[in-house]
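Residue numbers (our numbering), protein chains in the order written: chain E, 609 to 728; chain H, 11 to 465.
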């Protein structure tokens, strides 16, 4: 294939790729998302307002060999699930306990912020 | 971002090197460019087998640490280098027609467009964190625990004292691989999940292109690869970090390798089928029935004793790699989420017959919706039917595998104890991934065969 034809085919390729990105509706959505938005940070997309910085601060506070429990003031399964998952991701090797009174550390969630305090 | 890129790249360079060691026998004597064209295959083989070896080490008490990675990589690489060269030749397939100049220009354009989209997808993997909370809250969290604590009973078995993980019956290959990305990064960065998945997806596109290029003409091949690369759900799922996608990648590769063995012989196909099959089985629990369905179809298509023996032997070897996890689960009383007794009980199923209709509809919608996977599945079924009408009834095999995978999923949703509406809404869009990618890898082959019959 000649250089001219290769160049033409590459130009067609970029037009096709551009059309894919610009195409309306769900077809172009994944690529538009990549092209248009600011890059995400290293923290998860929480489903509820949770300060990612406060989770990392709590993780730095809780010692590796400690146990912890998470207290959430309201019965919101999604929030509880997000905080449980955040704890298992960020606080490990510290271990989560079912019963808060037995835990070395309590992580309390209030108004989007998680704070760790000693329970001993 | 630089630290993320370098750590994920470092891990995948290890996988690539291990993969080339495993492929050393089939590629012996090949030119450098030919070897380079197997990079996608090598990366998937290296990631699959190294991740599996680390997972097995974890079951036997090791932590999923960098030391374990180094030992596992060395063992797999050494085993690969020790494989006998004479028995592991590549399949004997021939391409009959390259098409004219016009076709080659169109093929180049399609290949470049697919490469451009794949490049955007790959870069996007490093820029995005998973939209699916299971990706970071379940798979990655387990991976981090495996690097820090190993397979600790306090987190990985049901117990009343500790808050253990959910879905304890799932195998842990995807957790091991993403956990190693984080271990190298030395800080929690959930973008590593999407970055790793983006690399696997690009490797898959390259591997399929490489494996089919000895049989399928360039325009048909690049059109097939472009259909996969342009599918919105491929990148949507890659950006979600969903484990169903690596499962689909390895199951499709297993199916394609079996087809290569049946159609062209050569032990290299069996080696690839083993690597892909064994890896798929370490990703999710549904991999076992899905892999066995593909194997049954392959066995029926194989007919003659030698190909049949190869299919049975390689599938048996792959299934054997799941035994340590099954034994560990049995010893630690980790049950499956669906009781097999219930799933096979006619009375239990009859009482839940109302779940069949919604399952049939939702799964078909997700597999056939052109805004999800373009026309990959309908085109496979259409080309399979056309080949069968033309007398090539063996080529109903891929369609049969896709239909069986679909029916298996319907049965899985039918027998699952969870509320059906919620279950379908939150998972059907991704559990169809294996059947879609199995369809995708066979579509170019069937299109090529149709063109050959016409000419």
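Just so it is clear, CB atoms sit at the ideal spot from N, CA and C, and this is done for glycine as well. Just so you know, these numbers come straight off a predicted model, no measurement behind them.
Cβ-Cβ separation between residue 417 of chain H and residue 368 of chain H: approximately 15 Å, too far for a contact (criterion under 8 Å). In the DSSP assignment, residue 710 of chain E falls outside any alpha helix (DSSP H) and carries neither an H nor an E. Per the coordinates, the alpha-carbon of residue 391 of chain H lies some 47 Å from the alpha-carbon of residue 660 of chain E. Annotation: residue 658 of chain E is outside any alpha helix (DSSP H) and is labelled neither H nor E by DSSP. From the beta-carbon of residue 158 of chain H, the residues of chain E found nearer than 7 Å are 700 and 701.
The distance from the Cβ of residue 696 of chain E to that of residue 155 of chain H is about 7 Å, consistent with a contact at the 8 Å cut-off. With a cutoff of 7 Å on beta-carbon distance, residue 387 of chain H and residue 377 of chain H are scored as near each other. Counting along the chain, residue 180 of chain H sits inside no alpha helix (DSSP H), nor does DSSP assign it H or E at all.
When DSSP states are grouped into helix, strand and coil, residue 192 of chain H belongs to the helix group. The continuous stretches of beta strand (DSSP E) do not include residue 74 of chain H, and DSSP gives it neither H nor E. Residue 324 of chain H is not a Cβ neighbour of residue 363 of chain H, given a cutoff of 7 Å. Closer than 7 Å to the CB of residue 721 of chain E there is not a single CB belonging to chain H. The three-state secondary structure of residue 416 of chain H, taken from DSSP, is helix. At least one C-beta of chain E is nearer than 7 Å to the C-beta of residue 127 of chain H. Secondary structure note for residue 48 of chain H: it is in no beta strand (DSSP E), with a DSSP letter that is neither H nor E.
Here the C-alpha atom of residue 70 of chain H lies approximately 31 Å from the C-alpha atom of residue 422 of chain H. Against chain H, the CB of residue 687 of chain E has no partner CB under 7 Å away; the residue lies outside that interface. Between residue 240 of chain H and chain E, the shortest Cβ-Cβ separation is below 7 Å. In the structure shown, residue 724 of chain E adopts extended strand secondary structure according to DSSP, grouped into three states. Under a criterion of Cβ atoms nearer than 8 Å, no residue of chain E is adjacent to residue 391 of chain H; the nearest Cβ is some 21 Å distant. Cβ neighbours of residue 164 of chain H within its own chain (closer than 6 Å, five residues either side excluded): 172.
In the displayed model, residue 674 of chain E falls within coil according to three-state DSSP, outside both helix and strand. Taking C-beta atoms as the reference points, residue 14 of chain H and residue 201 of chain H count as a pair closer than 7 Å. Residue 345 of chain H is classed as exposed because its beta carbon has fewer than 16 other beta carbons within 10 Å across all chains shown. Against chain E, the beta carbon of residue 175 of chain H has neighbours under 8 Å at 696, listed in chain order.
Boundaries of the alpha helix (DSSP H) around residue 254 of chain H: 254-274. For the set H:317, H:31, H:17 and H:51, the Cα lying nearest the Cα of residue 84 of chain H is the one of H:31.
Residue 681 of chain E is outside the set of residues whose beta carbon lies under 7 Å from a beta carbon in chain H. Below 8 Å, too few C-beta pairs join the stretch 113-124 of chain H and the stretch 666-680 of chain E to call them touching: fewer than three.
Per the C-alpha coordinates, the member of H:309, H:77 and H:73 positioned closest to residue 24 of chain H is H:77. Of all residues in the stretch 663-676 of chain E, only 664, 667, 672 and 675 place a beta-carbon less than 9 Å from a beta-carbon of chain H. Put simply, the CB of residue 704 of chain E is near chain H, with a gap under 7 Å to one of its CB atoms. Boundaries for residue 138 of chain H: no alpha helix (DSSP H) harbours it, and the DSSP string shows neither H nor E there. Per DSSP, the beta bridge partners of residue 716 of chain E are E:679 and E:723. Contact between the stretch 287-307 of chain H and the stretch 237-248 of chain H is absent, with fewer than three C-beta pairs closer than 8 Å.
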